[in-house]
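**Student:** From first to last, the protein sequence lines are chains E and G.
The first sequence begins at 1 in this note's numbering and counts up by one.
The second sequence begins at 112 in this note's numbering and counts up by one.
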Amino acid sequence: GQQVMQIPQYQHVQEGEDFTTYCNSSTTLSNIQWYKQRPGGHPVFLIQLVKSGEVKKQKRLTFQFGEAKKNSSLHITATQTTDVGTYFCAGRVDSSYKLIFGSGTRLLVRP
Amino acid sequence: DSGVTQTPKHLITATGQRVTLRCSPRSGDLSVYWYQQSLDQGLQFLIQYYNGEERAKGNILERFSAQQFPDLHSELNLSSLELGDSALYFCASSAWDYEETQYFGPGTRLLVL
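(1) Could you give the first and the last residue of the continuous beta strand (DSSP E) run that contains G:A177?
(2) Under the DSSP definition of a beta bridge, which residues are partnered with E:R38?
(3) In angstroms with no decimal places, state the Cα-to-Cα distance between E:V84 and E:V109.
(4) Determine the burial state of G:R129: buried for a count of at least 16 other Cβ atoms within 10 Å of its Cβ, exposed for fewer.
(5) How many angstroms separate the CA atom of G:Y193 from the CA atom of G:G127?
(6) Tell me which residues share the same chain as G:N162 and place their Cβ nearer than 7 Å to its Cβ, disregarding the 5 neighbours each side in the sequence.
(7) How about E:F63: is its C-beta nearer than 9 Å to some C-beta of chain G?
(8) Which value, in whole angstroms, describes the spacing of the CA atoms of E:G102 and E:H42?
(9) For G:L192, does the three-state DSSP call read helix, strand or coil?
(10) Given a cut-off of 9 Å on the beta-carbon distance, is the pair G:G153 and E:Q6 in contact?
(11) In this structure, how does DSSP classify G:T131 when only helix, strand and coil are distinguished?
(12) Looking at chain E, is there any beta carbon in it that lies within less than 9 Å of the beta carbon of G:L154?
(13) When the Cα atoms are used, what is the spatial distance from E:Y35 to G:F215?
(14) Leaving out five residues before and five after G:A206 in sequence, what residues of the same chain have Cβ atoms less than 7 Å from its Cβ?
(15) Using a Cβ-Cβ cut-off of 7 Å (strictly less than) and excluding sequence neighbours within five positions of G:P181, which residues of its own chain qualify?
(16) Taking CB distances under 9 Å as the criterion, tell me whether E:K98 reaches chain G.
(17) Between G:A198 and chain E, is there a C-beta pair that is closer than 9 Å?
(18) Once you ignore the five residues that flank E:T20 on each side, which residues in its own chain have a CB closer than 8 Å to its CB?
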């Protein structure tokens with residue numbers, strides 16, 4: 001079935017270091033969304049990418065959608081302790097109404 | 112606060128029992144989605160309703176069922192509960208169904224003993 005793989009599963013960084021999580025789909029996606037879930041909280045929508053090769057920035061966060069619309073990445077520059085949480089990508093295949101979530105990358109930041 | 116409400120917040124029950132989880136979407140949203148999140152696991156899509164009708168089905172067990180009512184609130188029914196059903200159950204809503212951002216509720220934490 002359709003799968004969205006996300007790596008790494010965990011990332012432990014020193015505050016100030018950069019962080020990147022990668023998302024790969026077995027099929028072409030119509031769009032991809034990114035969510036952040038703080039410890040003990042619920043997923044919160046960050047951004048949606050729709051176009052091939054699209055790059056969007058939100059302050060220290062940079063989101064990319066691959067040219068083939070099968071992969072995506074989230075890069076955080078100079079992490080802060082407030083960035084702690086699990087980051088999920090979620091992709092939608094054209095023929096489906098389902099949003100398929102990746103397994104998430106759990107980010108821990110050492111102060 | 113996403114505007115999505117879920118009740119109850121916590122639920123403790125025994126194996127074999129049946130429970131109902133309730134979700135009220137954001138005002139004006141027509142779609143409701145249910146997800147299961149087990150400990151340290153990702154989000155497993157269960158089912159989606161749009162304006163009262165089932166729109167998409169994910170990895171939902173036959174012991175589980177859901178519905179969306181005319182006032183757009185939704186209920187997820189879990190029956191013949193097993194230990195492995197212990198998880199966090201999220202409801203999310205969106206304005207429409209396709210290409211839409213989903214807003215998640217705070218979740219219901221279910222513990223089956």
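For every residue, glycine included, the Cβ atom is placed at its ideal position computed from N, Cα and C.
**Tutor:** Walking through what the data contain:
(1) Note, G:A177: beta strand (DSSP E), F175 to Q179.
(2) None, per the DSSP bridge assignment.
(3) Cα-Cα distance, rounded: 6 Å.
(4) Looking at its Cβ environment, which holds fewer than 16 other Cβ atoms inside 10 Å, G:R129 is exposed.
(5) Before going on, a small fix: residue 193 of chain G reads as Glu here, not Tyr. Roughly 6 Å between the two C-alpha positions.
(6) Around G:N162: L141.
(7) No, because no Cβ of chain G sits closer than 9 Å to the Cβ of E:F63.
(8) Each residue's Cα considered, the two are about 15 Å apart.
(9) Coil, per DSSP.
(10) Against a cut-off of 9 Å, the Cβ pair of E:Q6 and G:G153 comes out as a contact.
(11) Strand at G:T131.
(12) Interface residue, yes.
(13) Straight across, the Cα-Cα distance linking E:Y35 with G:F215 is about 10 Å.
(14) Once the five neighbours on either side are set aside, the close Cβ partners of G:A206 are G139, D140 and L141.
(15) A distance below 7 Å between beta-carbons, with the five flanking residues on each side excluded, links G:P181 to the following residues of its chain, in chain order: G163.
(16) Yes, E:K98 counts as interfacial toward chain G.
(17) No, because no Cβ of chain E sits closer than 9 Å to the Cβ of G:A198.
(18) Contacts found: S73, L74, H75 and I76.
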